[in-house]
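Protein chains in written order, with the numbering used here: chain Z, 62 to 373; chain U, 158 to 287.
Here you go:
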């Protein structure tokens, strides 16, 4: 008996008897269905269990038998999920249909990479893949070019002002202090910071003050001295899901913030970059983690509801 | 005297920007430091993104309470056992939602309402500039 036959023999599902006849959903059928693709109860009245069995059946057909039609059927079945997720990003200046196309690529990758032995549902696995693909699309489009010039200029001014104020005040400045120093209103400061947060992408080759320029040393250079110390504790943090996808410096900064409990200012001082830059690096690293593992959590155990979770 | 602000925001990622801006305004009012504001915003972003993934919501409510120099942000109502478990999880060896919230906030807890719950995030006044 071949390996394929072995697998088929141990398959708890009867591959020749699909649990419900799949029918491609029309484009309009996602309306009113769940954000996760309306699989709880489909228009044919299949229950969630049936849909899951159908998923498993089709996934096995594709992965164990190379059945391309099963793959196409899965793609069609999960397009409502793609549309639902794409809709969340539809008001950001990109055409909804384009986002659906991009999300569909994430779906196809999820179907192709799905590991039958993991025992997870395709919805669970596909969602972060689809969202990740859409986010990558936005990132690659370079949002920063659409930030109004006035806000860009204020943002650059704020970076300089923060760099000046932190050593002077010996603490992180307040919004009002920033507004006075940057000759702007607190509302303008908040808007500039928000724009920066939403659109800025940080390169490890960018200068520590957030500006580009070949004459500036990159963050890599600033972190060089920390490498040896970091090696000693890296084993611990690399156990964390998704960490392998981060580079060493990103892991290091996340480790300092979330395992060592250093504040952003303390990290900035240790590493030799600005607090704003630390903030951006943390956000970017967490975003990469989310894209890699789907979400920032895999709880080990739970506490009783209503109990405080902080020990500060 | 306590000030209370309640928002009903659509369950979309874009709406998080609105929440962040209002948190910014309130943090400016309380004279929180830029770093305290940044961490509060990161905590709320992380919670809301997790909620958007876990919950099937059209909108959710965000109640902000300013009292004695502290800012409490109660978000909900949520239903999913997954989100409940995440917020209430015992911190493990990875950067999960509960670790993020614990590190970024002064307090975080669940507030039960029948079968629903809200997540309350607290940033205390000591996060403000002296």
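The beta-carbon is built from N, C-alpha and C at its ideal position, and this holds for glycine as well.
Note that the structure is predicted; figures quoted are calculated from it, not measured.
Under a criterion of Cβ atoms nearer than 8 Å, no residue of chain U is adjacent to residue 193(Z); the nearest Cβ is some 12 Å distant. It is roughly 27 Å from the alpha-carbon of residue 158(Z) to the alpha-carbon of residue 345(Z). The beta carbon of residue 246(Z) is closer than 7 Å to those of 240 in its chain, skipping five residues each way along the sequence. Excluding the 5 residues flanking it on each side, residue 183(Z) has same chain C-beta neighbours closer than 8 Å at 116, 120, 135, 139, 171, 172, 175, in chain order. Counting C-beta pairs closer than 8 Å gives fewer than three between the stretch 223 to 231 of chain Z and the stretch 159 to 171 of chain U, which falls short of the contact rule. In this structure, DSSP gives residue 189(U) an extended state, which the three-state scheme calls strand. Look at residue 227(U) here: in three-state DSSP terms it is strand.
Unbroken beta strand (DSSP E) stretches of 3 residues or longer found wholly inside the stretch 234 to 279 of chain U: 264 to 270, given in chain order.
Annotated as proximal: residue 253(Z) and residue 219(Z), with beta-carbon spacing under 8 Å. Look at the stretch 184 to 200 of chain U: the residues with a C-beta under 8 Å from a C-beta of chain Z are 184, 185, 188, 189, 190, 191, 192, 193, 194, 195, 196, 198, 199. In terms of Cα proximity to residue 207(U), the closest of 175(U), 223(U), 238(U), 269(U) is 238(U). Closest by C-alpha distance to residue 338(Z), out of 310(Z), 322(Z), 321(Z), 352(Z), is 310(Z). With respect to the C-alpha of residue 222(Z), the residue from 195(Z), 167(Z), 209(Z), 250(Z) having the closest C-alpha is 250(Z). With a cutoff of 8 Å on beta-carbon distance, residue 277(U) and residue 258(U) are scored as not near each other. For residue 223(Z), the uninterrupted alpha helix (DSSP H) segment begins and ends at 210 to 230. Between residue 215(U) and residue 168(U) the beta-carbon gap is near 6 Å, inside 8 Å, which marks them as a contact. Interface residue (Cβ-Cβ distance to chain U less than 8 Å): residue 155(Z) is not classified as such.
Between the alpha carbons of residue 351(Z) and residue 125(Z) lies a gap of roughly 30 Å.
Between the alpha carbons of residue 325(Z) and residue 336(Z) lies a distance of about 6 Å. Residue 164(U): member of the beta strand (DSSP E) spanning 160 to 167, first to last residue.
Only buried fits residue 256(U), as 16 or more other CB atoms lie within 10 angstroms of its CB. Shortest Cα-Cα distance from residue 333(Z) to any of 244(Z), 314(Z), 347(Z) involves 314(Z). Using beta-carbon distances, residue 236(Z) counts as an interface residue toward chain U, with a partner under 8 Å. The C-alpha of residue 260(U) is placed about 29 Å away from the C-alpha of residue 187(Z).
Judged by beta-carbon spacing, residue 187(U) lies within the 8 Å limit of residue 228(U), meaning their Cβ atoms are closer than that value.
Between residue 325(Z) and chain U, the shortest Cβ-Cβ separation is below 8 Å.
Nearest neighbour of residue 240(U) by Cα position, chosen from 183(U), 196(U), 211(U), 271(U), turns out to be 211(U). Chain U has no Cβ within less than 8 Å of the Cβ of residue 257(Z).
Annotated three-state conformation of residue 206(U) is helix, per DSSP. By the CB criterion at 8 Å, residue 143(Z) and residue 165(Z) fall inside the cutoff. Per DSSP, reduced to three states, the secondary structure at residue 157(Z) is helical. Around the beta-carbon of residue 312(Z), 16 or more other beta-carbon atoms lie within 10 Å, marking it buried. If you look at residue 306(Z), you'll find it isn't in any alpha helix (DSSP H); DSSP assigns it neither H nor E.
When rounded, the separation of the alpha-carbon atoms in residue 122(Z) and residue 274(U) is 41 Å.
The contact set of residue 322(Z) on chain U, defined by CB atoms closer than 8 Å, consists of 260 in chain order.
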